[in-house]
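In case it helps, the working numbering puts the sequence shown at residues 12 to 558.
We put the beta carbon where it would ideally sit given N, CA and C, even for glycine.
Values in this document were obtained by computation on a predicted structure and should not be read as measured data.
The structure under discussion appears below in the form of structure tokens.
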Amino acid sequence: MSVFKKIDRRDLIPIWKNSNEVSSVEFTAVKSKISPEMSTSYFEELMKDFEYNRNVGVGAELINIAILTNNEFKVHHVADFILKNKYSPLRLKDLAKHILDGNAFFPLESIAHNAEDDIRLKRSWLKEHPKDSLSWIDLGRAFVSIGEHESARRSILTGLQLSNNHRWVSRVSSRFFISINENDIAHKILKRNPNLTSDPWLLSAEIAVAKSNGRSPQNWKIAKRLSETIQSEFHLTELNSCLASLELLEGNQKKAKPLFVKSLRHPNSNVLAQAKWAERISDLKNLVDDDVLKKQKYSNEAKCWAYYADCDMESALKYSLLWQEEEPYTCEPAILSSYLASLLDRYDEMINIVKKGLVVEPENETLMLNKYFAEASLAEINNKEIGLEIVGPVLKYIDKASHSNDKGIIAHAYANIGFIFYKLKDFNAGREWYEKAINMFLSINHPSQVLAEINHLREAIISESPWADDLFESINKKIGKGGVWNDPAIRFYMPKLAKIKRDPSNWRVLLTESHDISTKTVLVNKKITKFNFSRNNPTIWISNKKK
Numbered sequence: 012m013s014v015f016k017k018i019d020r021r022d023l024i025p026i027w028k029n030s031n032e033v034s035s036v037e038f039t040a041v042k043s044k045i046s047p048e049m050s051t052s053y054f055e056e057l058m059k060d061f062e063y064n065r066n067v068g069v070g071a072e073l074i075n076i077a078i079l080t081n082n083e084f085k086v087h088h089v090a091d092f093i094l095k096n097k098y099s100p101l102r103l104k105d106l107a108k109h110i111l112d113g114n115a116f117f118p119l120e121s122i123a124h125n126a127e128d129d130i131r132l133k134r135s136w137l138k139e140h141p142k143d144s145l146s147w148i149d150l151g152r153a154f155v156s157i158g159e160h161e162s163a164r165r166s167i168l169t170g171l172q173l174s175n176n177h178r179w180v181s182r183v184s185s186r187f188f189i190s191i192n193e194n195d196i197a198h199k200i201l202k203r204n205p206n207l208t209s210d211p212w213l214l215s216a217e218i219a220v221a222k223s224n225g226r227s228p229q230n231w232k233i234a235k236r237l238s239e240t241i242q243s244e245f246h247l248t249e250l251n252s253c254l255a256s257l258e259l260l261e262g263n264q265k266k267a268k269p270l271f272v273k274s275l276r277h278p279n280s281n282v283l284a285q286a287k288w289a290e291r292i293s294d295l296k297n298l299v300d301d302d303v304l305k306k307q308k309y310s311n312e313a314k315c316w317a318y319y320a321d322c323d324m325e326s327a328l329k330y331s332l333l334w335q336e337e338e339p340y341t342c343e344p345a346i347l348s349s350y351l352a353s354l355l356d357r358y359d360e361m362i363n364i365v366k367k368g369l370v371v372e373p374e375n376e377t378l379m380l381n382k383y384f385a386e387a388s389l390a391e392i393n394n395k396e397i398g399l400e401i402v403g404p405v406l407k408y409i410d411k412a413s414h415s416n417d418k419g420i421i422a423h424a425y426a427n428i429g430f431i432f433y434k435l436k437d438f439n440a441g442r443e444w445y446e447k448a449i450n451m452f453l454s455i456n457h458p459s460q461v462l463a464e465i466n467h468l469r470e471a472i473i474s475e476s477p478w479a480d481d482l483f484e485s486i487n488k489k490i491g492k493g494g495v496w497n498d499p500a501i502r503f504y505m506p507k508l509a510k511i512k513r514d515p516s517n518w519r520v521l522l523t524e525s526h527d528i529s530t531k532t533v534l535v536n537k538k539i540t541k542f543n544f545s546r547n548n549p550t551i552w553i554s555n556k557k558k
């Protein structure tokens, strides 16, 4: 089976942070180390406002803009005011101190406690500064995180209109439309930017968005020329990673590797996550020094996959949840987090994760199927009877999902039907539906086939079905045979099932206890993981190893 299927691809779509959390590199011009692309008129206007009306809010904004435009030397008096003001937040004072010390190397984090606070503060600010395009974009991000997509759209379009083709605004506006499945609009925003063919940040985003929309990149040659002529490795980090990914998807690992290496000289979190993806789906190993990565303050997506490769699912879940907090505008982290929670058989946590993801994308089929699965699993763990009251809504939704145009979703639904029948004690029907799911996954070369087989094995063992021993032996023979059968999930979960097989009556305790695989002989070689968490074609976490 080819590993380069759509489900195995991670596109280098821009990460959407709040504007005050973005590295200053993304705001500076390519041809100069310090020349900002953004106009200085707004900054000068704020400076005048501060002289006549000194307050913490204006001071915080001035410090942020000064860092983003490399004008820290102009705001020493602002930093001094903030340090002496008793109402200044501690984090703001800390940043002001760094500015006075000449060491302002990180941007100010948002001081809002939640999205609602952020929305209130941004609205208040925009009443006084309606032309602040960055704050309109930040407001849109806050709206997306609580599922208010129409309000987000209005904010994003306003910010885009005011931005004067600002690089960062174009990139994250495009990211917004990707998140609501309007990829054509996302692509047009980038293509219409007049700086597209001269700006590596815009070009890398345009190529990634085109690929995510199933289009061949039209600017490949231009991108390669920019990669060879622009001197700044900071500005080229995403473009080099993007080119490396394209080479990898074409099967050119020898050409891809040096480009990945270049991209990792001054990487951001997006580039680190892309390199971990490359390690998972190819023979390019050890691109990222995991010991160094794990010490990084951010890059939670990449850290999650590093721990996943080590079968440390506890740490993988921790960083996946941090990734979900960092990128609240997309359901992708929720899909991954719910999968990891299912491997740990933490159904209450899985339910909470899925609910947060459904706020962002209420109709996401993968999350809905995971939610129903987790609810039924939690009920059984707590010794509640699994009757029609619980399974009725599940079966109704599964029937809807089974008519999807996506065969991966249909197979996911079939697997959940098998799970439900096992819980209703109709073991033969459960076996039949799991086998239908597995066969459909096989027909589309979908790596979730292996998860369906493991889940089926779990249910057969717990129910003490007569075919449990044969299933166990059949799967055991496949472990370590390459591809999905070398996946860390297999190495993590099979020892748990082996223990339950020896003592099936005690399955509730054995399923949820802490799990250390370090001494288990069932372990196989660390190799390829092929998951994709995009909403268009996600890997399905069918009733993952629970109960």
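- Under the DSSP assignment, HIS88 falls in the alpha helix (DSSP H) whose first and last residues are 87-95.
- Residue state for THR248 is assigned as helix, using DSSP reduced to three classes.
- Along the length of the region 393-428, whole alpha helix (DSSP H) runs at least 4 residues long occupy 399-412, reported in chain order.
- Between LEU247 and PRO269, the gap from beta carbon to beta carbon reaches 7 Å or more.
- Residue state for SER238 is assigned as helix, using DSSP reduced to three classes.
- Classified as exposed, THR240 has fewer than 16 neighbouring CB atoms from the shown chains inside 10 Å of its CB.
- Nearest Cα to GLY262 within the set LYS447, ASP294, GLU475: ASP294.
- Beyond the five residues adjoining it in sequence on each side, ASN251 comes within less than 7 Å, by CB distance, of SER238, LEU270, LYS273, SER274 in the same chain, given in chain order.
- With contact defined as three or more Cβ pairs closer than 8 Å, the region 387-406 and the region 428-437 are in contact.
- Ranked by how close their Cα comes to the Cα of LEU94, the residues SER135, ALA509, ILE74 have ILE74 in first place.
- The C-alpha of GLU290 is placed about 11 Å away from the C-alpha of LEU259.
- Here SER190 carries a helix assignment [DSSP, helix/strand/coil].
- In this structure, HIS198 sits away from GLU244, with a CB-CB distance that is not shorter than 7 Å.
- Taking C-alpha positions only, GLU62 is separated from ASP143 by approximately 19 Å.
- Inclusion of ILE420 and GLU376 in the CB contact set at 7 Å is warranted, their separation being smaller than that value.
- CA-to-CA, the gap between ALA71 and LEU103 works out to about 7 Å.
- Leaving aside the five residues that flank TRP147 on each side, the residues in its chain whose CB is nearer than 6 Å to its CB run, in chain order, SER166, THR169, GLY170.
- Between ALA313 and ALA284, the CB-CB gap stays under 7 Å.
- Going by beta carbons, VAL69 and ASN96 fall outside the 7 Å limit.
- Within the region 130-214, the alpha helix (DSSP H) runs of at least 4 residues that lie entirely inside it are, in chain order, 144-156, 160-173, 178-190, 194-202.
- Within a 10 Å sphere around the beta-carbon of ASN297 sit fewer than 16 other beta-carbons, which makes this residue exposed.
- Taking C-beta atoms as the reference points, PRO506 and TYR319 fail to come closer than 7 Å.
- Within the region 429-473, the complete alpha helix (DSSP H) segments of 4 residues or longer fall at 438-454, 459-473, listed in chain order.
- Beyond the five residues adjoining it in sequence on each side, LEU173 comes within less than 7 Å, by CB distance, of LYS142, SER144, TRP147 in the same chain, given in chain order.
- A residue is called buried when at least 16 other Cβ atoms come within 10 angstroms of its Cβ; LYS138 does not meet this threshold and is exposed.
- When DSSP assignments are scanned along the region 307-371, the uninterrupted stretches of alpha helix (DSSP H) that are 4 or more residues long and fall wholly within it turn out to be 311-320, 324-337, 343-354, 358-371.
- A straight-line Cα-Cα distance of about 42 Å links TRP518 and LEU23.
- Relative to the Cα of ALA221, the nearest Cα in the group ILE191, ALA267, SER185 belongs to SER185.
- For the pair ILE465 and ASN125, the Cα-to-Cα distance works out to about 39 Å.
- Nearest in C-alpha terms to LYS447, of all of GLN460, LYS436, ASN192, is GLN460.
- By the Cβ neighbour-count rule, TYR340 is buried, with 16 or more other Cβ atoms within 10 Å of its own.
- Judged by DSSP secondary structure, ILE486 falls within the alpha helix (DSSP H) whose first and last residues are 479-489.
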